[in-house]
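Enquirer: Numbering (our numbering), first residue to last: 220 to 708.
We put the beta carbon where it would ideally sit given N, CA and C, even for glycine.
Here the structure is a predicted model, which means the values were calculated and not measured.
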Ligand code: AMP
Ligand code: MG
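1) If you reduce the DSSP assignment to three classes, tell me which class residue 283 lands in.
2) Only counting the same chain, and skipping five residues up and downstream in sequence, which positions put a Cβ closer than 8 Å to that of residue 382?
3) Comparing alpha-carbon positions, which option in 596, 504, 634 lies nearest residue 494?
4) What residues in its chain sit with their C-beta under 8 Å from that of residue 412, if we drop five residues either side in the sequence?
5) Does the beta carbon of residue 479 fall short of 6 Å from some heavy atom of the ligand MG?
6) Assuming residue 315 contacts residue 336 (C-beta within less than 8 Å), just tell me the rounded distance between them.
7) Go ahead and label residue 652 buried or exposed: buried means 16 or more other beta carbons lie within 10 angstroms of its beta carbon, across all protein chains shown.
8) CB residue 648 to CB residue 588, shorter than 7 Å?
9) Whole angstroms is fine: what's the gap from residue 578's alpha carbon to residue 526's?
10) By alpha-carbon positions, which one of 239, 488, 353, 295 ends up nearest to residue 252?
11) Could you tell me which uninterrupted alpha helix (DSSP H) segments, each at least 4 residues in length, are contained entirely in the stretch 422-470, listed from first to last along the chain?
12) Closest to residue 623 by C-alpha separation, out of 677, 273, 423, 570, would be which residue?
13) Can you determine whether any heavy atom of the ligand AMP sits closer than 6 Å to the C-beta of residue 310, and answer yes or no?
14) Is residue 342 near the ligand MG, in the sense that its beta carbon is under 6 Å from a heavy atom of that ligand?
15) Look up residue 582 in the DSSP assignment and say whether it is helix, strand or coil.
16) Do you know how far the Cα of residue 426 is from the Cα of residue 226?
17) For residue 563, which residues does DSSP report across the bridge?
18) Is residue 470 near the ligand MG, in the sense that its beta carbon is under 6 Å from a heavy atom of that ligand?
19) If you follow the beta strand (DSSP E) that residue 317 is in, where does it begin and where does it stop?
20) Please go through the stretch 488-559 and give each complete beta strand (DSSP E) segment of 3 or more residues, from N-terminal end onward.
21) Can you tell me where the alpha helix (DSSP H) holding residue 653 begins and where it ends?
22) Where do the ends of the beta strand (DSSP E) carrying residue 649 lie?
23) Check whether the stretch 454-466 touches the stretch 499-514, counting contact only when three or more Cβ pairs, one atom from each stretch, lie closer than 8 Å.
24) Out of curiosity, what's the CA-to-CA distance linking residue 380 and residue 393?
25) Among 313, 488, 330, whose alpha-carbon lies nearest the alpha-carbon of residue 580?
26) For a minimum of 4 consecutive residues, which ranges assigned as the alpha helix (DSSP H) are wholly contained in the stretch 665-689?
27) Take residue 684 and list the residues in its own chain whose beta-carbon comes closer than 7 Å to its own, dropping the five residues that flank it on each side.
28) Flag this pair as touching only if the stretch 302-309 and the stretch 252-267 have three or more C-beta atom pairs under 8 Å; answer yes or no.
29) Hey, could you find the ends of the alpha helix (DSSP H) residue 377 is sitting in?
30) Taking DSSP as the reference, what is the three-state secondary structure of residue 229?
31) Going by C-alpha to C-alpha distance, which of 221, 351, 282 sits closest to residue 246?
32) What residue range is occupied by the uninterrupted alpha helix (DSSP H) comprising residue 639?
33) Would you kindly check if the distance between the Cβ of residue 243 and the Cβ of residue 333 is under 7 Å?
34) Buried or exposed: which applies to residue 215, given that a residue is buried once 16 or more other Cβ atoms fall within 10 Å of its Cβ?
35) What residues are listed by DSSP as bridge partners for residue 329?
36) I'd like to confirm the pairing. Which residues does DSSP put opposite residue 386 in its beta bridges?
Take a look at the structure:
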C-alpha cells in the first residue's frame with residue numbers, strides 16, 4: 220500500500236459537472252527520476268519513507284487501485300487570442316490533497332498519467348525532457364520567491380512517446396494549493412451556466428480568499444485580489460527575465476501562481492522582444508508583452524463575472540490594473556537596483572537602464588549581480604566585469620545611465636557595501652538557463668539523473684554564490700545558442 224498522506228480533494232466535493240473521474244494509465248517499469256527532499260520535509264516525510272515501490276507505482280499512474288478516486292477537471296480558455304470552448308485536464312489528474320506542517324492544504328496532481336475525456340486528439344502523456352524542465356523550473360521559480368506550483372517528484376519509464384522524435388514518458392507529481400485557472404470560469408460562463416459559475420467563485424473565495432467575504436461585494440473583491448496577485452507574479456517574472464511562453468487564459472492561475480511550465484525561458488541576452496517559444500511566431504507572449512497579456516487575460520476573466528459584478532465595476536477594475544502592475548513592478552525593481560527611497564522618476568530610471576541593455580547582448584542575470592559592484596563616486600571607473608558584459612565597445616548609453624544612477628545613490632546616502640549585500644539578496648546568481656536544463660536532460664536520457672538534483676539544490680537558493688555550483692552561473696556556451704523550445708511536450 221502507498222504511504223502518501225492523501226485525502227479527498229475539496230474540489231471533488233463540487234458537483235460532477237466540474238470534473239470526470241479517471242483511472243490513470245500505467246507506465247511500464249517506472250523508476251524515480253527525481254524526488255524533491257526539500258519539499259518532502261515540509262510534509263514531514265523522510266525521503267526513504269517516500270521512495271517505496273508502492274509510492275512509485277502510485278505516482279507513475281501504475282497502481283492497481285486509486286483511492287481517493289482521481290479526477291480531471293474541465294475548463295476552456297483563450298489560446299493565442301482565440302477562444303477554445305473545451306480544454307480541461309488533458310493529461311493531469313487530481314489525486315487528492317494533503318496538509319503540510321503549517322496546516323495548509325495542497326492538491327496533488329499527476330501530469331502525464333494518461334488520457335482523460337479532455338485529451339482531445341493528444342495522448343495524455345508527458346515526455347522526460349519537458350517533465351524535467353517543469354520539475355526544475357517550478358523549484359527554481361520558488362527559489363526566486365515567485366509564487367508557483369511546486370514539483371514533488373518525477374517518475375520515468377522507457378515507454379515510447381511520439382513527439383517530433385520518439386522520446387520516453389515521465390510523470391510529474393506537482394502540488395499547489397489549487398490548480399484552478401481563469402479557464403475554469405470561462406468554461407461555465409461561455410456554456411451559460413450561471414449557477415455553476417457562482418458555485419466556483421464561492422469555492423475559490425471560501426477556500427483561498429476568505430477575507431473577500433467581508434467586502435460589500437465579495438466577487439468584486441475577488442477580482443481585485445486575483446488582479447493584485449497576477450500583477451505581483453508577472454512583475455516578479457519581469458524582474459528576473461522569466462518568460463512563461465504560453466500565457467493563454469487556461470494557463471493563468473486563479474491564485475496568481477506560475478503554472479504549466481512548457482516552452483518557458485529565462486532570458487539570457489537582454490532583448491525586450493525576446494520570444495522563448497519557437498511556436499509563437501507573432502511574439503504574442505514576448506517578454507515585454509507579458510504585462511499587457513496579463514491585463515488582457517484579466518479582462519477575459521472579468522468578463523465572466525458579468526452576473527456577479529456590475530459593468531462599471533469591471534471597467535474600473537481593468538482601468539486601475541496597469542497602475543497596480545506598475546506599482547508591483549517598481550517594488551520589485553527598486554531593490555534590484557539597491558535603491559532605498561521612492562522617487563517620481565524611478566520608472567524612467569529603470570526603463571532607461573533596460574534601454575541601455577537593448578541590442579548589446581548583456582546577460583540579464585549577471586548584469587544585476589555586477590551592477591551591485593558599482594561604487595557611488597562619479598569618477599571611479601565602472602567595474603570591468605560589468606562593462607565586459609556589453610561586449611567590446613564602451614557602452615556609451617550605459618555609462619551615461621550609470622552617471623545618473625550614481626547621482627541618485629549619493630543623493631539618498633546609499634552606502635555601497637550595504638547596497639551590494641542587499642542587491643545580492645534579491646538578484647539571483649543562478650537561474651535555470653535552457654542549456655543547464657538541457658545538460659541535465661541529456662544525462663537523464665542516458666540514465667544518469669544526478670545532475671537534476673544537483674541543479675535543483677543550486678536553484679533552491681539562487682542568491683548565494685557557492686563554489687560547487689560555479690559552472691551553473693555561466694551564460695550559455697556557443698553550442699547551446701540554438702536550443703529551440705517548442706510547445707511540444
Ligand atoms: P497547454 O497550453 O500546453 O498547457 O495545454 C493546452 C491543453 O492541451 C490543455 O487542456 C492540456 O491538458 C492539453 N494537452 C497538452 N498536451 C497534452 C497531451 N500530451 N495529452 C493530452 N492533453 C494535452
Ligand atoms: Mg495548460
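Expert: Checking against the coordinates, here is how it stands:
1) Position 64 of the chain shown, counted from the first residue, corresponds to residue 283. The answer is coil: DSSP assigns residue 283 none of H, G, I, E or B.
2) For this step, residue 382 is matched to residue 163 along the chain shown. Here the set comprises 346, 707, 708.
3) Stepping through the chain shown from its first residue, residue 494 is reached at position 275. Taking only the C-alpha atoms, the option nearest residue 494 is 504.
4) Numbered from 1 along the chain shown, position 193 holds the residue referred to as residue 412. Closer than 8 Å at Cβ, skipping near neighbours: 236.
5) In the chain shown, residue 479 corresponds to position 260, counting from 1. It does: the Cβ of residue 479 is within 6 Å (strictly closer) of some heavy atom of the ligand MG.
6) Taking the first residue of the chain shown as position 1, residue 315 is located at position 96. Taking the first residue of the chain shown as position 1, residue 336 is located at position 117. Contact doesn't hold; Cβ gap of about 20 Å is too wide.
7) Residue 652 sits at position 433 when you count from the first residue of the chain shown. It counts as buried.
8) Stepping through the chain shown from its first residue, residue 648 is reached at position 429. Stepping through the chain shown from its first residue, residue 588 is reached at position 369. Yes, Cβ-Cβ distance for residue 648 and residue 588 is below 7 Å.
9) For the purposes of this step, residue 578 is taken as residue 359 along the chain shown, with counting starting at 1. For the purposes of this step, residue 526 is taken as residue 307 along the chain shown, with counting starting at 1. Computed Cα separation, rounded: 47 Å.
10) Locating residue 252 in the chain shown gives position 33, counting from the first residue. When only C-alpha atoms are compared, the closest one is 353.
11) 437-459
12) Position 404 of the chain shown, counting from 1, holds the residue named residue 623. Of the candidates 677, 273, 423, 570, the one whose C-alpha sits nearest the C-alpha of residue 623 is 570.
13) Walking along the chain shown from the start, residue 310 turns up at place 91. Checking the Cβ of residue 310 against the ligand AMP gives yes.
14) The residue you call residue 342 lines up with position 123 of the chain shown. Checking the Cβ of residue 342 against the ligand MG gives no.
15) For the purposes of this step, residue 582 is identified with residue 363 of the chain shown, where counting begins at 1. Looking at residue 582 - three-state DSSP - the assignment turns out to be strand.
16) Locating residue 226 in the chain shown gives position 7, where the first residue counts as 1. Locating residue 426 in the chain shown gives position 207, where the first residue counts as 1. Cα-Cα distance, rounded: 16 Å.
17) Translated into the one-based positions of the chain shown, residue 563 becomes position 344. Note: residue 563 sits in no beta bridge, so no partner.
18) What you label residue 470 is simply residue 251 of the chain shown in a count that begins at 1. Yes, the Cβ of residue 470 comes within 6 Å of a heavy atom of the ligand MG.
19) For the purposes of this step, residue 317 is identified with residue 98 of the chain shown, where counting begins at 1. 311-318 is the extent of the beta strand (DSSP E) around residue 317.
20) none
21) For the purposes of this step, residue 653 is taken as the residue at position 434 of the chain shown. Looking at the DSSP string, the run of the alpha helix (DSSP H) that includes residue 653 is 653-664.
22) For the purposes of this step, residue 649 is identified with residue 430 of the chain shown, where counting begins at 1. Run containing residue 649: none; DSSP gives neither H nor E here.
23) yes
24) Position 161 of the chain shown holds residue 380. Position 174 of the chain shown holds residue 393. Near 21 Å, if we compare the C-alpha coordinates of residue 393 and residue 380.
25) By 1-based counting over the chain shown, the position of residue 580 is 361. Taking only the C-alpha atoms, the option nearest residue 580 is 488.
26) 669-679
27) The count along the chain shown starts at 1 and reaches residue 684 at position 465. Excluding sequence neighbours, residue 684 sits near 648.
28) no
29) For this step, residue 377 is matched to residue 158 along the chain shown. No alpha helix (DSSP H) holds residue 377; the beta strand (DSSP E) holding it covers 369-381.
30) Residue 229 sits at position 10 when you count from the first residue of the chain shown. Correct three-state label for residue 229: helix.
31) Locating residue 246 in the chain shown gives position 27, where the first residue counts as 1. The residue with the shortest Cα to Cα distance from residue 246 is 282.
32) The residue given as residue 639 occupies position 420 in the chain shown. Note, residue 639: alpha helix (DSSP H), 635-645.
33) Looking up residue 333 in the chain shown gives position 114. Looking up residue 243 in the chain shown gives position 24. Yes; because the gap between Cβ atoms is below 7 Å, this pair is in contact.
34) This structure leaves residue 215 out entirely; the chain is present only between 220 and 708.
35) Counted from its first residue, the chain shown places residue 329 at position 110. 312, 392, per the DSSP bridge assignment.
36) For the purposes of this step, residue 386 is taken as residue 167 along the chain shown, with counting starting at 1. Answer is 380.
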